[in-house]
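Under UniProt numbering, think of the first position of the sequence shown as 1, with each following residue one higher.
Backbone N, C-alpha and C define an ideal beta-carbon position, used for all residues, glycine too.
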Amino acid sequence: EADVLVVNDWEAVGFGHDTDAEREYAAAIAETLLERKLNRHNRNRQEVR
């Protein structure tokens, strides 16, 4: 599941950015959002146990 999210985020990042700098900036944001998503997911899993 996580792999699919990563691919989708990176694909989304690839569109609509003219320069490498913009792409890198967008990629950094996507990475941060993905990390938050995964951290939240992992925390939720631990609480369930």
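Express the C-alpha separation of residue j and residue i in angstroms, rounding to a whole number.
i, j, result
"residue 30", "residue 44", "21 Å"
"residue 26", "residue 20", "10 Å"
"residue 41", "residue 28", "20 Å"
Would residue i be called buried (16 or more neighbouring beta carbons within 10 Å of its own) or exposed?
i, result
"residue 39", "exposed"
Closer than 8 Å: is that where the CB of residue i sits relative to any heavy atom of the ligand PLP?
i, result
"residue 39", "Absence of the ligand PLP is noted for the structure shown, with no ligands found whatsoever."
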